[in-house]
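J.: Residues in the sequence shown are numbered from 529 upward in steps of one, following my numbering. Beta carbons: idealized from backbone N, C-alpha and C, even for Gly. In this text the structure is predicted, and so the values were computed from the model without any measurement.
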Amino acid sequence: MGCREASFLLSQAQDRELALGEKISLRIHLLMCTKCTNFSRQLQMMRKLNRSYTAQGAQSEDQDPKDQA
Numbered sequence: 529m530g531c532r533e534a535s536f537l538l539s540q541a542q543d544r545e546l547a548l549g550e551k552i553s554l555r556i557h558l559l560m561c562t563k564c565t566n567f568s569r570q571l572q573m574m575r576k577l578n579r580s581y582t583a584q585g586a587q588s589e590d591q592d593p594k595d596q597a
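In structure tokens:
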């Protein structure tokens, strides 16, 4: 597996469950490739930050605007 396919699968894994063969191939590639490992970590961090930001936005929408003054 090359880096292009690995980055594609990392992106796909954000939206769908990878097949077992895809997971294994990706895991092996990540063991050998620091650039793709870094990309994987960046994707995980962006997803975590996005969830946190979304949760904060939902909380602020639930609050009464009078309470924010």
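Mapping DSSP to helix, strand and coil, what is Q570?
T.: Residue state, collapsed to three classes: helix.
J.: The alpha helix (DSSP H) spanning Q540 covers which residue range?
T.: That run of the alpha helix (DSSP H) goes 531-540.
J.: So, is S539 buried or exposed, given that buried needs 16 or more other C-beta atoms within 10 angstroms?
T.: That one is exposed.
J.: Just confirm the distance between the C-beta atoms of L537 and L548, as a whole number of angstroms; I'd bet it's less than 8 Å.
T.: Going by Cβ atoms, the distance from L537 to L548 rounds to 13 Å, so no, they are not a contact pair.
J.: Is the CB-CB distance between T565 and L571 below 8 Å?
T.: No.
J.: Using the Cβ count rule (16 or more neighbours within 10 Å means buried), how would you classify S568?
T.: Buried.
J.: What is the DSSP secondary structure of R544, reduced to helix, strand or coil?
T.: In this structure, R544 counts as coil in the three-state DSSP scheme.
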